[in-house]
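Take a look at the structure below.
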Amino acid sequence: MATRLEYTPAELMVAAAAREIHNGEIVFTGMRLPLLAFALAKNLHAPRAIGLFECGLVRDTPAPEFLYTMGDPPNITNALWATRMINLMGLLQQGRVDLGFIGGAEVDRFGNLNTSYLGDPKMPTTKLPGSGGAADIASLSKRLVVIMAHEKRRLVERVSYITSPGFGEGEGWRARVGLPRGGPSAVITTLGILGFDATTGEAVLRSYHPGQTVDSVRAATGWDLRIAPDVCETPPPTARELEIIRRYDPAGFWTR
Amino acid sequence: MATRLEYTPAELMVAAAAREIHNGEIVFTGMRLPLLAFALAKNLHAPRAIGLFECGLVRDTPAPEFLYTMGDPPNITNALWATRMINLMGLLQQGRVDLGFIGGAEVDRFGNLNTSYLGDPKMPTTKLPGSGGAADIASLSKRLVVIMAHEKRRLVERVSYITSPGFGEGEGWRARVGLPRGGPSAVITTLGILGFDATTGEAVLRSYHPGQTVDSVRAATGWDLRIAPDVCETPPPTARELEIIRRYDPAGFWTR
Amino acid sequence: MSKRMSLSEAIARYVPTGASIVMGTALESLIPFAAGHEIIRQHRRDLTLIGPISDILFDQLIGAGCVQKIVAAWVGNVSAGLGHNYRRACEQGIPQPLTVWDHSNFTIALALLAGGLGVPYMPTYTLLGSDLPKTNPSFKYAASPFGGEKTLLVPALKPDVAILHVQRSDKEGNAHAWGNLGISEEAALASERVIIVAEEIVPREVILSDPNRVLAPSFKVCAVVHAPGGAHPSPVQGYYNRDHEFYHEYHRATRTAEGNVQWLEHWVIGVKDRAEYLQKLGKEHWQALQLREHRYAAPVDYGY
Amino acid sequence: MSKRMSLSEAIARYVPTGASIVMGTALESLIPFAAGHEIIRQHRRDLTLIGPISDILFDQLIGAGCVQKIVAAWVGNVSAGLGHNYRRACEQGIPQPLTVWDHSNFTIALALLAGGLGVPYMPTYTLLGSDLPKTNPSFKYAASPFGGEKTLLVPALKPDVAILHVQRSDKEGNAHAWGNLGISEEAALASERVIIVAEEIVPREVILSDPNRVLAPSFKVCAVVHAPGGAHPSPVQGYYNRDHEFYHEYHRATRTAEGNVQWLEHWVIGVKDRAEYLQKLGKEHWQALQLREHRYAAPVDYGY
Numbered sequence: 000m001a002t003r004l005e006y007t008p009a010e011l012m013v014a015a016a017a018r019e020i021h022n023g024e025i026v027f028t029g030m031r032l033p034l035l036a037f038a039l040a041k042n043l044h045a046p047r048a049i050g051l052f053e054c055g056l057v058r059d060t061p062a063p064e065f066l067y068t069m070g071d072p073p074n075i076t077n078a079l080w081a082t083r084m085i086n087l088m089g090l091l092q093q094g095r096v097d098l099g100f101i102g103g104a105e106v107d108r109f110g111n112l113n114t115s116y117l118g119d120p121k122m123p124t125t126k127l128p129g130s131g132g133a134a135d136i137a138s139l140s141k142r143l144v145v146i147m148a149h150e151k152r153r154l155v156e157r158v159s160y161i162t163s164p165g166f167g168e169g170e171g172w173r174a175r176v177g178l179p180r181g182g183p184s185a186v187i188t189t190l191g192i193l194g195f196d197a198t199t200g201e202a203v204l205r206s207y208h209p210g211q212t213v214d215s216v217r218a219a220t221g222w223d224l225r226i227a228p229d230v231c232e233t234p235p236p237t238a239r240e241l242e243i244i245r246r247y248d249p250a251g252f253w254t255r
Numbered sequence: 000m001a002t003r004l005e006y007t008p009a010e011l012m013v014a015a016a017a018r019e020i021h022n023g024e025i026v027f028t029g030m031r032l033p034l035l036a037f038a039l040a041k042n043l044h045a046p047r048a049i050g051l052f053e054c055g056l057v058r059d060t061p062a063p064e065f066l067y068t069m070g071d072p073p074n075i076t077n078a079l080w081a082t083r084m085i086n087l088m089g090l091l092q093q094g095r096v097d098l099g100f101i102g103g104a105e106v107d108r109f110g111n112l113n114t115s116y117l118g119d120p121k122m123p124t125t126k127l128p129g130s131g132g133a134a135d136i137a138s139l140s141k142r143l144v145v146i147m148a149h150e151k152r153r154l155v156e157r158v159s160y161i162t163s164p165g166f167g168e169g170e171g172w173r174a175r176v177g178l179p180r181g182g183p184s185a186v187i188t189t190l191g192i193l194g195f196d197a198t199t200g201e202a203v204l205r206s207y208h209p210g211q212t213v214d215s216v217r218a219a220t221g222w223d224l225r226i227a228p229d230v231c232e233t234p235p236p237t238a239r240e241l242e243i244i245r246r247y248d249p250a251g252f253w254t255r
Numbered sequence: 000m001s002k003r004m005s006l007s008e009a010i011a012r013y014v015p016t017g018a019s020i021v022m023g024t025a026l027e028s029l030i031p032f033a034a035g036h037e038i039i040r041q042h043r044r045d046l047t048l049i050g051p052i053s054d055i056l057f058d059q060l061i062g063a064g065c066v067q068k069i070v071a072a073w074v075g076n077v078s079a080g081l082g083h084n085y086r087r088a089c090e091q092g093i094p095q096p097l098t099v100w101d102h103s104n105f106t107i108a109l110a111l112l113a114g115g116l117g118v119p120y121m122p123t124y125t126l127l128g129s130d131l132p133k134t135n136p137s138f139k140y141a142a143s144p145f146g147g148e149k150t151l152l153v154p155a156l157k158p159d160v161a162i163l164h165v166q167r168s169d170k171e172g173n174a175h176a177w178g179n180l181g182i183s184e185e186a187a188l189a190s191e192r193v194i195i196v197a198e199e200i201v202p203r204e205v206i207l208s209d210p211n212r213v214l215a216p217s218f219k220v221c222a223v224v225h226a227p228g229g230a231h232p233s234p235v236q237g238y239y240n241r242d243h244e245f246y247h248e249y250h251r252a253t254r255t256a257e258g259n260v261q262w263l264e265h266w267v268i269g270v271k272d273r274a275e276y277l278q279k280l281g282k283e284h285w286q287a288l289q290l291r292e293h294r295y296a297a298p299v300d301y302g303y
Numbered sequence: 000m001s002k003r004m005s006l007s008e009a010i011a012r013y014v015p016t017g018a019s020i021v022m023g024t025a026l027e028s029l030i031p032f033a034a035g036h037e038i039i040r041q042h043r044r045d046l047t048l049i050g051p052i053s054d055i056l057f058d059q060l061i062g063a064g065c066v067q068k069i070v071a072a073w074v075g076n077v078s079a080g081l082g083h084n085y086r087r088a089c090e091q092g093i094p095q096p097l098t099v100w101d102h103s104n105f106t107i108a109l110a111l112l113a114g115g116l117g118v119p120y121m122p123t124y125t126l127l128g129s130d131l132p133k134t135n136p137s138f139k140y141a142a143s144p145f146g147g148e149k150t151l152l153v154p155a156l157k158p159d160v161a162i163l164h165v166q167r168s169d170k171e172g173n174a175h176a177w178g179n180l181g182i183s184e185e186a187a188l189a190s191e192r193v194i195i196v197a198e199e200i201v202p203r204e205v206i207l208s209d210p211n212r213v214l215a216p217s218f219k220v221c222a223v224v225h226a227p228g229g230a231h232p233s234p235v236q237g238y239y240n241r242d243h244e245f246y247h248e249y250h251r252a253t254r255t256a257e258g259n260v261q262w263l264e265h266w267v268i269g270v271k272d273r274a275e276y277l278q279k280l281g282k283e284h285w286q287a288l289q290l291r292e293h294r295y296a297a298p299v300d301y302g303y
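Protein sequences appear in the order of chains A, B, C and D. Under numbering that gives the first Met the number 0, the letters of the first sequence match residues 0 to 255, in that order. Under numbering that gives the first Met the number 0, the letters of the second sequence match residues 0 to 255, in that order. Under numbering that gives the first Met the number 0, the letters of the third sequence match residues 0 to 303, in that order. Under numbering that gives the first Met the number 0, the letters of the fourth sequence match residues 0 to 303, in that order.
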């Protein structure tokens, strides 16, 4: 039996996020962990993946150095294209983007995200930073992957404000409101990975991370979380995955 | 008495066109003669004029050499900006362009221009090249100057097809159809210069070129052309004007 | 992944009969004549040609019987006058009738911008009062839901393919173009695919050293063709100048339908490829169009 | 005609109380912090700040009491988290209440694009189903007159002034910027005026040698300011790198309103200009942010 690898929850999340990227896909890469997930996928199973960064960059290789932000100078080095943001948003709206990554402060049963206001927007209990490009990526990419911390106060029955639309109120909602495509395919949390029912658009627990159980995840979720019939433990990051993640985040800024 | 200068009708038209450019104005410069008019004005009374060229160029100096087309390589040399055409059209639509120059095959009593179809568009007797940017310049610049040959078949009571809108049917028409501003201020022909009545939008003969008379111009016009009370002879090009015109068109390609 | 191929292969694969093609997007410069001539040689039919002004390229394709529809602002010969083939097709249906959807330079740019942004249309104030909307059934009029002012709505155009002549490209289609670019970026982003025809094929590092100068994302590029001189008689900044006399000769030669057939036979049908075309043009003639002086852009440092 | 002036003169002349300003248009890079600090020193009030994401610059102006309204997609601290001043203003009205009109990055770009094109609005499919339109009264919903599909209409934004930090400019405002540009071009074209803040002032010939790299037409530029280091702590490609730690220190220091007052006193109010700011930052600290290597763009020939 191999000795158990040491890794952090963030490293597991980056590995899980990277596995959502298929080879040859065009990926709208959000800030923080997805920057590492893109680098990891490029080095392993998705060498032909293309990354779009909303500051206006297109890359087919990971940046040569660690990035605090997508606008860091190393991210321009060997970029395929440095253009106006609106050109990349246009490609997104055309339906050219296969997968988009965003983070969330609050997510609900149907994968709707709130990163704007907790409480009444007129005098919120907490003012969050807002959409950035997240609402655009959630509206217009073919698939959406969300990365966030798993706490009962963050995974709620119904978000009070939809910044980035998921499946709204469920079946048929996206088409009704006029969204041309898409919807969340996974929410990768600190405790597990949620998928979504193709018909109802409701979240289902796809896997629980090592050390967690179905019950522990359900206990940390703000609604009666459904469980996938084939629910399993999230495969931990491999030694190879950890080695690459640590190469791109040597100080562990995002992953410790 | 000074000996009479030799010059061609085209040279007179270029000189007259240049006089329409005021110092500091932003000018949308069409092809052919206006390219020379811009160079002439820059060298004389309008050193601070700025020229926009729809291929995507902005200049504050004349091109260093003769231009057959605005897209000739010398026109990029010392350009202030080489950008996407749509950015210049956007500035035009914003109302940032003081004066636009276009040519015409057919013009009518209210300054409407046809460069598209003679006869039924479905099977025209003559298919003309079309608008290019002319219809945009006529629609959106603050002032419009037209340069064309003066023949009875070209100056008609009513054009059969409005490519580039002038004053339409007269008083209030531009506002009625939704045009934000503008209209023709002068039509410089091979025989004279037409201005337009500020109220009715009807053409009036402002001046007749040397060698012409009010009657000779009226005789070559397809409607009962009104005459300005202060009608006079068009001032011929000065020696200085001719010297500059010939420097920019040494072979007389546009002006012989 | 290399997308290098011959021009004949690129046209055979990506420009089928019935295709809609946007070309001549830089206006008077960088016109992909070599590609247009290959389309004629491969007998494509029922094409829809989309562009702003077309400086004789569209006229040639019309005269060769390749074109069913024109969606453009201007078709003619910028320095010499009218396009005789365009006139014959519209006035007499020779060699065949033509459907024309009129645009202005601004509306064709807006239509392609809308295509690239993935929006259904763009509102504008241009052409209000013009008769162009009478000869372009795609336009609509509407009051702005904001100020209530009248606007013209220009629907998105999404051509099947954009053919762009550029100064240099790598084999994957990462390309640099400079000088007049007109509506090239809008055309590349609006089109389903892009064919790059380049004066030079350069290493990837050359292009990636200046990502702000890249014209469009290479993932939209389906073919990269090396065709030096492929834009003649139009100019390519930094490579060669405009062959003004060639435009005038074309104007004279194509005055009659018979003359046009001869011109096409001499310069297109009877020519294998661009290399043979340049031989036919003659070494001296071609030499006379080359640069008289270099003018290099100031250095730019992307370091960190 | 030279438009050179000091930053204090440029702000005094062109950024009055009540002005609408678009800044931070390149996203995380080229943020005009020096200009923002001068606005604080000159006690401007009731400003409307317009931008995509703002990496702490907007938070600083809010904390200094200069801002009445935010029209943006995101306000915070990209690498460190939330913006404490933004939170205090929205949650407690400290130092004063704030009106927020929410945008996404795409809609703010579309609004400025519409402003630059001179059109009343742009249609889009983004934000359908989002609640952002509930907290941005400027948006409207409408069915497309073409396909009938639902669209969101984003009205044009026309800021009074765009403040753009660039690598180099001549004294008339012909400027080169490279690297990440985000929505800088749209902002420059949509605004009534443009203030250029440059790392270097260079001769006109340097800029005109590469007109495709020019950001916007100089006839819209009202002031050209030479402020080396003026974008710190944000990065300027080819000049200096991002000062990540500075963002974290700001995050820690401004956790309380009192802490914010001290931070502003130390870094803004108590500082005369950017030169003094850089002195305060310390030679070693500043040196550590300088380029480790040069990476020059491949040569481009504009000759003919």
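C-beta: ideal position from N, C-alpha, C; glycine also.
Within the segment 82-152 of chain A, the runs of beta strand (DSSP E) at least 3 residues long that lie entirely inside it are, in chain order, 98-102, 105-107, 142-147.
For D229 (chain A), the closest of A:I192, A:D248, A:F100 by C-alpha to C-alpha distance is A:I192. Put simply, the CB of V77 (chain C) is near chain B, with a gap under 7 Å to one of its CB atoms. Listed as beta-bridge partners of G181 (chain C) by DSSP are B:R83. S217 (chain D) reaches chain B at L79, counting residues in chain order whose Cβ is nearer than 7 Å. For the C-beta of Y124 (chain C), the chain B residues within less than 8 Å are, from N- to C-terminus, Q92, S138, L139, G177, L178, P179. The criterion of a C-beta distance shorter than 7 Å is satisfied by G228 (chain C) and R273 (chain C). Contacts with chain C at 7 Å (Cβ-Cβ) include N211 (chain D). In this structure, the beta-carbon distance from V153 (chain D) to L109 (chain D) falls below 7 Å.
Leaving aside the five residues that flank G118 (chain A) on each side, the residues in its chain whose CB is nearer than 6 Å to its CB run, in chain order, T124. Using a Cβ-Cβ cut-off of 8 Å, L152 (chain D) is close to P144, F145 of chain C, given in chain order. B:S163 is the residue among B:A250, B:S163, B:H208 whose C-alpha sits nearest the C-alpha of F100 (chain B). Every unbroken stretch of the alpha helix (DSSP H) spanning 4 or more residues and falling wholly within the segment 54-132 of chain C is given here in chain order: 56-62, 83-91, 104-116. Non-local beta-carbon contacts of Y6 (chain B) in its own chain, meaning distances under 7 Å to residues more than five positions away in sequence, involve P235, P236, L241 in chain order.
Secondary structure of G221 (chain A) (DSSP, three-state): strand. Apart from sequence neighbours up to five positions away, the residues of its chain that approach C54 (chain A) with a beta-carbon distance below 6 Å are M69, G70, ordered along the chain. Within chain D, no C-beta atom comes less than 8 Å from the C-beta of I20 (chain B); the nearest is roughly 15 Å away. Rounded to whole angstroms, K149 (chain C) and A113 (chain D) show a C-alpha spacing of 16 Å. When B:D135, B:L90, B:G167 are compared, the shortest CA-CA separation from G117 (chain D) is found for B:L90. With the rule of 3 Cβ pairs closer than 8 Å, the segment 208-219 of chain C does not count as touching the segment 233-251 of chain C.
Assigned with DSSP and collapsed to three states, G210 (chain B) falls in coil, not helix or strand. Where R245 (chain B) is concerned, the enclosing alpha helix (DSSP H) starts and stops at 238-247. Within the segment 224-277 of chain C, the complete alpha helix (DSSP H) runs of at least 4 residues fall at 243-252, 256-263. At a cut-off of 7 Å between beta-carbon atoms, L290 (chain D) makes contact with chain C.
No Cβ-Cβ contact shorter than 7 Å links H175 (chain C) with R203 (chain C). Taking a contact as a CB-CB distance under 8 Å, the pair A63 (chain C) and V196 (chain C) does not count as one, their CB atoms being some 19 Å apart. Our two residues, V26 (chain B) and L97 (chain C), have alpha carbons roughly 35 Å apart in a direct line.
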